[in-house]
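Step one of this worksheet: look at the structure below.
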Amino acid sequence: MSNTPVASGSAKKRSRSDLPLAVLMIAPAFIGLAVFLLWPTIYGIGLSFTNFNLLTPPKFVGFNNYIRMIEDPMFWNAAWVTVYYVVVNIGVQTVLALGIAVLMHRLTQSMIVRSLILTPYLVSNVVAALVFFWILDNQLGIGNHILVSMGLERIPFLSQDATVIPTIALINVWRHVGYTALLIFAGLQTIPESAYEAAKVDGASEWQTFWRITVPLLRPILALVLIRTIIGSFQVFDTVAVTTAGGPVNSSRVLQLYIYNMAFGRFQFGYASALSVGLMVILVVITFLQYRLTRAGDTDLN
Amino acid sequence: MKSKIATLLALTTAGALLTSGCAPARTDDAGVIDYWLWDSAQQPGYQACADAFEAANPGLKVKITQFGWDDYWSKLTAGFIADQAPDVFTNHVGKYPQFVDLQVLVPLDDLQATQSINDSDYAPGLADLWKGQDGKRYGVPKDWDTVGYFYDEKVTDAAGITREQLLSMDWNPEDGGSFEKIIAHLTVDTAGVRGDEPGFNKNSVAVYGLASEGAGGENLGQTQWGAYTGTLGWSPLDKNPWGTRFNLDDPEFQKAMAWYYGLVDKGYMPSFEVFGRNSGSYQQVAQRKAVLGMNGSWMISTFATIPDAKLAVAPTPVGPSGQRSSPLNGLADSVTRFAEDKEAAGKWVAYMGSHECQMKIAEAGVVFPARPEATQRSVEVRREAGLDVSPFTVHVEEGTGFTLAVTTNAADISALTVPGFEAVFVGQQDVSSLTELNSQINRLLQLTQ
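From first to last, the protein sequence lines are chains A and B.
Numbering follows numbering that gives the first Met the number 0, with no gaps: position 228 of the first sequence is 227.
Numbering follows numbering that gives the first Met the number 0, with no gaps: position 252 of the second sequence is 251.
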């Protein structure tokens, strides 16, 4: 009893002496965050209120860039093209990845299969895009040669507006599906085996097990995977830049490409910053809605 | 613990010092002129010039660096921003007005070696292209180019089209004249029926009479339709250089465009879908998928590499004006304001435009040098190599070349014209949509004057 005040006194002393060390420990991460994330973001938002060509000093123009953005048909076209891409890309990718993950979980434990499924992800985006660009070339591509040898018509996959976005979306599905499947697979392993055993005892079919046990218990993981892949999907750039550069006409001019050309082709860094802020707002809204709608923070496991 | 953190901090600081230490390490030591160009085929010629220049100017060295066209402009942009730009670089009329606006070029009138450059030493019109709105000179002409049709004489002989026919083609926007008759005859469908014969299947063409070079929005039809619209007496701008009003709303012009893009519907020229964006007239002619491939004189040495072909060049057709026509363009060398020794850079630019270096370029036989006497030599070099290039030079001799449009805000304008013309080419829009495109461009020019 008599020791208590002494003990609390020494605890107080320790907490005081811990503070500088704690600050020191956090400092590298915080400085990194501030220098490489916070400052560029604030600076970028600041630039969006100026006319700036990077070589002469920025000129403040108020909300002019945002007014221009709202009136710019190319911006809205780019936004719709991007949304179209995301819907095709994420739709196909998520269904495929879920299928692959469940098959890996329920059918095989083979490490070789798991590694094979991940291999496309090891290829760089630009290389994957270039390879598919030549495979799908209308004249020289092996893809079209196979179509012709089967007696079908050639399909100008990347040079007609009807097919260009689905084609680019599927190229990226090919590259990312294995990785997404692996993430979902990790989620599947958190589902207790006892739930499946109980379902088996109750005589549920594999199909019923999938819909009644796997999908509901996987929901939080699936929601987080979706948030991550959708944000990534909105940032599509390299595949488009390599295969179509936005064409034909504007049918594959996605937002990131429009922003890039605005900044580095036309030296309008102020307007390009405003467009980037526009993209950021779109992403924040979509992520917020997704988080709320899928209740990604809760789990049904308890 | 504390010592560990101190070590960590020391390490990071050292890292930061190392990286920042790299940045200002510029490659140009004293007396070295850093020179950039994009055409690898021209590098040997300019290396010969550089060797002679170094011999004549002890203490000066020229370091030539070559990048492909696309990398070239992004590297240059990055160089201007990061203060890593070359001292002297090959410039293009479509790009230099923007560099003038960005204040990265040195007016050559301010440099001793280049202030006495004489316009009349060069092919007519070339030197004027390189004078800014302020009347100052931003580039010394180094070469010029016009367009013509490259073809394999073996193919035209087999089709029964003579060289005389190809040398005397005429054109009009109604029925395309004898030019259209020739490309119709050169077109063959997969069943072997020619484009001017009954039973021709335009939906299954094996060989097109005329190669496609895309819609032509970027350089206003330089290698697509400029040669035809030029014979209407039409020019893209109210004045060149530094015009402020485009003429894409001219009904005569739109009629010619309807004729040109209509060749796709007739089956004489491949549609955008067939070859996509990566395959131009060179690839189509080389693959024997097209017969006449319009392209610029800068492509002579590239076309000459097509195996088993008897390469020949035909001039652009005579149009309603009674004359031929061709876009005429020229490159020039510019000095950047990042050059450490601007006077030395000016000397090198002046030397590249001099008689001595231009004759070396003529001997290299890749492009037509800007000086008439050097052009003459270049034509002889080509003739010795077995190729008649008079279809290109005829435009300079007869004064039928018209210079490419030079305006401010070129990048913003091509952001409108590239998709605008492509929409007509792929059939998304009618030619009348060019009127709307025109008013968008004019409004842009008005707002930025």
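Cβ atoms here follow ideal geometry from the backbone N, Cα and C, with glycine treated the same way.
Note that the coordinates shown come from a computational prediction; the quantities given were computed from them, not determined experimentally.
Membership of ILE63/B in the beta strand (DSSP E) is indicated by the continuous run 60-65. Proximity of the stretch 215-231 of chain A to the stretch 281-289 of chain A meets the contact definition, three or more beta-carbon pairs being nearer than 8 Å. According to the DSSP secondary-structure assignment, ARG136/B is paired through a beta bridge with LYS130/B. As computed with DSSP, SER333/B is found in a beta bridge with PHE88/B. The beta carbon of ALA331/B lies closer than 7 Å to those of ASN90, TRP129, GLY138, VAL139, PRO140, LYS141 in the same chain, with the five residues before and after it left out. Put simply, the CB of ASN277/B is near chain A, with a gap under 9 Å to one of its CB atoms. Listed along the chain, the chain A residues whose CB falls inside 8 Å of the CB of VAL425/B are GLN159, ASP160, PRO247, VAL248. Take VAL263/B, set aside five residues on each side of it, and the residues of its chain with a beta-carbon closer than 6 Å to its own are SER270, in chain order.
Judged by DSSP in its simplified three-state form, MET268/B adopts coil rather than helix or strand. At a cut-off of 9 Å between beta-carbon atoms, THR76/B makes contact with chain A. ASN64/A has a beta carbon lying at 9 Å or more from every beta carbon in chain B. Note that the C-beta distance between SER324/B and ALA210/B is not below 9 Å. In the three-state DSSP reduction, ASN143/A falls in the helix class (H, G or I). Here the stretch 249-259 of chain B lies against the stretch 415-431 of chain B, with 3 or more beta-carbon pairs under 8 Å apart. For ASP411/B, the nearest beta carbon of chain A is closer than 9 Å to its own beta carbon.
Residues of the stretch 265-291 of chain B with a C-beta atom less than 8 Å from some C-beta of chain A are PHE271, GLU272, VAL273, PHE274, GLY275, ARG276, ASN277, SER278, GLN286, LYS288, listed in chain order. Excluding sequence positions up to five before and after GLN283/B, its CB lies within less than 8 Å of the CB of TYR207, ALA210, SER211, PRO269, PHE274, ALA289, GLY292, all in the same chain and listed in chain order. Interface annotation, ALA244/A: in contact with chain B, CB-CB separation under 9 Å. Between VAL348/B and THR113/B, the beta carbon gap of about 6 Å places them in contact (Cβ cut-off 8 Å).
Contacts with chain B at 9 Å (Cβ-Cβ) do not include ASN50/A. Counted as a single uninterrupted DSSP element, the beta strand (DSSP E) harbouring THR402/B occupies residues 400-402. A direct Cα-Cα distance of roughly 21 Å separates TYR120/A from GLY142/A. Contact of ARG252/A with chain B is assigned, a C-beta pair being separated by under 9 Å.
For the beta strand (DSSP E) assignment, the uninterrupted runs of no fewer than 3 residues enclosed by the stretch 143-224 of chain B are, from N- to C-terminal side, 146-151, 204-209. Closest option to ASP86/B, judged by alpha-carbon separation, among VAL405/B, ALA343/B, LEU443/B, GLN357/B: ALA343/B.
Among the residues facing chain B, PRO39/A is not included, as its CB has no counterpart in that chain under 9 Å away. Rounded to the nearest whole angstrom, the CA to CA distance from GLN357/B to THR374/B is 9 Å. Of the residues assessed, HIS354/B falls on the exposed side of the cut-off, its CB having fewer than 16 other CB atoms within 10 angstroms.
With contacts defined as CB atoms closer than 9 Å, ASN88/A and VAL235/A qualify as a contacting pair.
DSSP places THR49/A within a strand segment (E or B) once states are collapsed to three.
For LEU327/B, the uninterrupted beta strand (DSSP E) run begins and ends at 325-327, by DSSP. At a cut-off of 9 Å between C-beta atoms, LEU54/A counts as an interface residue with respect to chain B. Residue pairing by DSSP places TYR34/B opposite ILE63/B, VAL87/B in a beta bridge. Per the coordinates, the alpha-carbon of GLN159/A lies some 10 Å from the alpha-carbon of SER251/A. Beta-carbon to beta-carbon, GLN221/B and ASN328/B are separated by about 7 Å, close enough to satisfy the 8 Å threshold.
A distance below 7 Å between beta-carbons, with the five flanking residues on each side excluded, links PHE178/B to the following residues of its chain, in chain order: MET168, ASP169, TRP170, PRO316.
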